[in-house]
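All residue numbers for the sequence shown refer to our numbering, where the first residue is 62 and numbers rise by one. Glycine is no exception: its CB is placed at the ideal position from the N, C-alpha and C atoms.
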Amino acid sequence: TLKLSLDENAIHDYINQEIISAVETPSQSVVITIDEAGDIFFEGTAEDGITVNEEAFKMALGLALENKVSEIEVPTMTVRGGVDIPEELQELGITELIATGYTGYSGSPYNRGMNIAVGMSKFNGVLVEPGEVFSFLDTLGVVDGSTGYYKELVITNNETKPEYGGGLCQVSSTMFRAMLYGGLPIETRYEHSYAVSYYAYPNGYGLDATIYQPWPDLQFTNDTGGYILIQAYVEENEAYFKFYGTSDGRTVAMDGPYYSNYVSPPSDVIIYTDELQPGVSSKQDSAHTGFDVDWYRTVVMPDGTETTENIHSHYQAWPAKYLVGAPLEESTEDQE
62 TLKLSLDENA IHDYINQEII SAVETPSQSV VITIDEAGDI FFEGTAEDGI
112 TVNEEAFKMA LGLALENKVS EIEVPTMTVR GGVDIPEELQ ELGITELIAT
162 GYTGYSGSPY NRGMNIAVGM SKFNGVLVEP GEVFSFLDTL GVVDGSTGYY
212 KELVITNNET KPEYGGGLCQ VSSTMFRAML YGGLPIETRY EHSYAVSYYA
262 YPNGYGLDAT IYQPWPDLQF TNDTGGYILI QAYVEENEAY FKFYGTSDGR
312 TVAMDGPYYS NYVSPPSDVI IYTDELQPGV SSKQDSAHTG FDVDWYRTVV
362 MPDGTETTEN IHSHYQAWPA KYLVGAPLEE STEDQE
């Protein structure tokens, strides 16, 4: 009986030349320090990597040849990102990366990008105590020109208009994803009035979180049993939150998005104004289709307890709005 065998050296070369470059991502390490004033600093950032499990790949390839299977899944292993932490922070339970959230905001106007960078900086180095209900707005603080913000578009009172801090919902939406993927209990979260395309990256709609002083807020409970240390930064039009702490072994799976209940935008809204020349129009708001989105988050705790919750978002159908210069009033004087 003819039996096929694998050329070990050829397979090794193939993995290194073809597979690794397409599949593997290197892990990254962070060095965390704390100064005498208690301020925390980060050099780099921790990020898990992916490596090919060569032995498992060889075994799968051999079985595929024997059974005439044309496709196989490349087996991989996670390589944990390195975390160098001072002893005083380790004593608080900060030992490893436990959650990551990221969003992209490519195409944002200058003011929006600046507001995102300023907002992210407010959270970098923040410690969340065990059992604490963390408030996004309490940590964010005052939002105006004196705290470094620019005027940019916000959604408020059924209007889209420029205010200080426009774009800060990119920050809250990024944190929301770290909260979700970390398996942390979400206490308060509100979606935007209408679907905003910035927040559809990278996994679809339904994972945004709107905030506005003094309400609505974004809140989670730290139920890890130790402190959580937050790292927040921007990099090439992407925003990142990294949560460091001690994993209790919980696992998280996200299922979605599921879209439903589409509604076409209402008719355009015309708002007459004397701030424009008669008949001149200016678009104030774009039309948006309404729809619902559902995600399902399943958290499995170390004792086997499993909880699945629905992350539901309802986005309103939104009309386009135009400012139009009001016509001049005709004279009504009597002619003699």
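Ala125 and Glu134 have their C-alpha atoms spaced approximately 10 Å apart. Rounded to whole angstroms, the Cβ separation of Tyr301 and Tyr163 is 5 Å, and the two are in contact under 8 Å. Between the alpha carbons of Glu370 and Thr282 lies a gap of roughly 16 Å. Taking the Cα positions, Gly340 is about 10 Å away from Leu389.
Beta-carbon to beta-carbon, Ile155 and Ile146 are separated by about 6 Å, close enough to satisfy the 8 Å threshold. Minimum Cα-Cα distance from Trp276 among the listed residues Gly265, Val257, Asp355, Ser196 corresponds to Ser196.
In terms of CA proximity to Gly310, Asp364 leads the group Asp109, Asp364, Asn219. Measuring C-alpha to C-alpha distances from Gly227 to each of Ala239, Gly209, Met236 identifies Gly209 as the nearest. By alpha-carbon distance to Leu188, the top candidate from Asp100, Leu245, Tyr383, Tyr259 is Asp100.
Contact check for Arg238 against Leu268 passes: the beta carbons are separated by less than 8 Å.
For the 8 Å CB-CB criterion, Tyr376 and Gly317 do not form a contact. Cβ contact annotation for Ile95 (same chain, cutoff 8 Å, sequence separation greater than five): Ile101, Phe102, Pro147, Glu149, Leu150, in chain order.
Counting every other CB atom within 10 Å of its CB across the protein chains shown gives Ala256 a total of 16 or more, marking it as buried. By the C-beta density criterion, Val130 is exposed, having fewer than 16 other C-beta atoms within 10 angstroms.
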